[in-house]
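Worksheet: one structure, shown below.
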Amino acid sequence: MKFQSEITVYGMKASKGVLDNGMAYDFTKVYTLVDMDQRKGDAAGQAAAEYRFNDSAEFQKYKHLPFPFKATAEFEIVTSGSLQSTIMTGLKPVSHAKQ
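Here you go:
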């Protein structure tokens with residue numbers, strides 16, 4: 129399932145390397161805020177969320193922007209058959225966010 133959402137990007141971090149077991153990794157993490165689940169009445173406000181976004185080269189495309197910035201993000205919900213996760217597949221800056 130694919131969808132778009134307006135988000136505020138508060139930070140990004142590129143990661144690339146090789147683990148001790150020889151497995152390579154290469155991704156960018158995007159940090160934003162998401163609303164707390166208020167359906168039960170025991171939570172309010174927002175919490176930090178991180179999303180994996182393609183490879184570490186993505187960071188180079190956005191590092192020059194003033195953080196935080198507003199963007200339209202494209203997401204996809206995927207599953208392994210037993211676990212579900214949301215991944216970011218696209219990011220288009222819209223404007224500088226007011227602090």
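If you use the numbering used here, the sequence shown corresponds to residues 129 to 227, in order.
Where a beta carbon is used, it is the ideal one built from N, C-alpha and C, also for glycine.
- According to the DSSP assignment, lysine 189 belongs to no beta strand (DSSP E) but to the alpha helix (DSSP H) extending over 185-190.
- In this structure, aspartate 183 lies away from glutamine 174, with their beta-carbon atoms at least 8 Å apart.
- Per DSSP, reduced to three states, the secondary structure at serine 143 is strand.
- In this model, alanine 201 and isoleucine 135 are separated by some 7 Å (Cα to Cα).
- DSSP places leucine 193 in no beta strand (DSSP E); its state is neither H nor E.
- Of the candidates Thr160, Lys144, Tyr159, Lys144 places its Cα closest to the Cα of tyrosine 153.
- In this structure, the straight-line span from the alpha carbon of arginine 167 to that of asparagine 149 is close to 43 Å.
- The criterion of a C-beta distance shorter than 8 Å is not satisfied by glutamate 178 and valine 206.
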